[in-house]
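Novice: Here it is, the structure, as structure tokens.
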């Protein structure tokens, strides 16, 4: 069975600094998708970034980028130029073929200080 | 385009009561899902559907039932509510592109 592990329950960063959130996963599938979701206090699940396993190039969305290491089954999220609005719970998630459910890690709570 | 909508936003139930959590999407997605999120945890799959008339169990289906009579709607039924069902419930939908869109969640407390 697939599993997703986030080993950092909490992280903190100062405004304008860079922080990296870690995620590892386990799967025997060769084709899959990885996601980072942000959950602010409003509870809404917001997609931050996605990565297709068949793509070697790391995904980037503005200040958010990933370091995808397929052989190591690692998928970390880097947030550059951190802002107060980045404070939230971040979840790493995995899914296989279309229509299969997301498997979530336990999340990392990110706090941002000024 | 409202995306995924859920009602109610909050609900308090007494032990043994039943209720239905409503979920609707207007994106014509085939796939729909129900997750629950317990405090400090990630989301766990309760049930999912790959199209109208087709549903299947997820990781934590006990105490719940679903139906999918239309593409748009995917209600979740709780029978005989128990304190262990106190949680935040999320509905989501997706097309074949794997990205799931989430509703705003329903916070349920069973006392």
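Residue numbers (the numbering used here), protein chains in the order written: chain A, 108 to 221; chain B, 119 to 229.
Even glycine gets a Cβ: it sits at the ideal position worked out from N, Cα and C.
As the structure is a computational prediction, the values presented were derived from the model and not from experiment.
With three or more beta-carbon pairs closer than 8 Å as the criterion, would you say the region 176-192 of chain A touches the region 126-139 of chain B?
Specialist: no
Novice: Tell me whether the region 143-153 of chain B and the region 183-192 of chain B touch, counting them as touching only if at least three CB pairs, one residue from each stretch, are closer than 8 Å.
Specialist: Touching, per the Cβ criterion.
Novice: From A:199, A:203, A:219, A:221, pick the residue whose C-alpha is nearest to that of residue 213 of chain A; which is it?
Specialist: A:199
Novice: With a threshold of 16 other CB atoms inside 10 Å of the CB of residue 172 of chain B, please say whether the residue is buried or exposed.
Specialist: exposed
Novice: So which residues on chain B does residue 195 of chain A lean against when the C-beta distance must stay under 8 Å?
Specialist: Residues of chain B passing the Cβ test: none, with the nearest at roughly 14 Å.
Novice: Taking the straight line between their C-alpha atoms, what separation do you get for residue 124 of chain A and residue 142 of chain B?
Specialist: Roughly 40 Å separates the two Cα atoms.
Novice: With a Cβ-Cβ cutoff of 8 Å, do residue 184 of chain B and residue 194 of chain B count as a contact?
Specialist: Yes, these two residues count as a Cβ contact at 8 Å.
Novice: Pick helix, strand or coil for residue 176 of chain B, following the three-state DSSP scheme.
Specialist: coil
Novice: For the beta strand (DSSP E) holding residue 137 of chain B, just list the boundary residues, first then last.
Specialist: 137-143
Novice: Output, in sequence order along the chain, the residues in the region 198-224 of chain B whose CB is closer than 9 Å to any CB in chain A.
Specialist: 206, 208, 210, 212, 213, 214, 215, 216, 217, 218, 219, 220, 221, 222, 223
Novice: Hey, quick one: how far does the beta strand (DSSP E) through residue 190 of chain A stretch, first residue to last?
Specialist: Premise fails: residue 190 of chain A is in no beta strand (DSSP E) and is neither H nor E.
Novice: Grab me the residues of residue 71 of chain B's own chain with a C-beta within less than 7 Å of its C-beta, minus the 5 sequence neighbours each way, in chain order.
Specialist: Outside the displayed span of chain B (119 to 229) sits residue 71 of chain B, for which this structure offers no information.
Novice: Can you list, in chain order, the residues of its chain whose CB lies under 8 Å from that of residue 118 of chain A, leaving out five sequence neighbours each side?
Specialist: Close CB contacts of residue 118 of chain A within its chain, under the 8 Å cut and outside five residues either way in sequence, are with 126, 128, 215, 216, 217, 218 (chain order).
Novice: Where does residue 121 of chain A fall in DSSP's three states?
Specialist: strand
Novice: Taking only the alpha-carbon atoms, compute the straight-line gap between residue 201 of chain B and residue 130 of chain B and give it to the nearest angstrom.
Specialist: 11 Å
Novice: Identify, in the order they occur along the chain, each residue of the same chain with its Cβ nearer than 7 Å to the Cβ of residue 132 of chain B, setting aside the five sequence neighbours on each side.
Specialist: 229
Novice: Output needed for residue 211 of chain A: all residues of its chain with C-beta closer than 7 Å, excluding positions within five of it in sequence on either side, in chain order.
Specialist: 111, 198, 200
Novice: Kindly list, in the order they appear in chain B, the residues whose Cβ is closer than 9 Å to that of residue 151 of chain A.
Specialist: 220, 221, 222, 223
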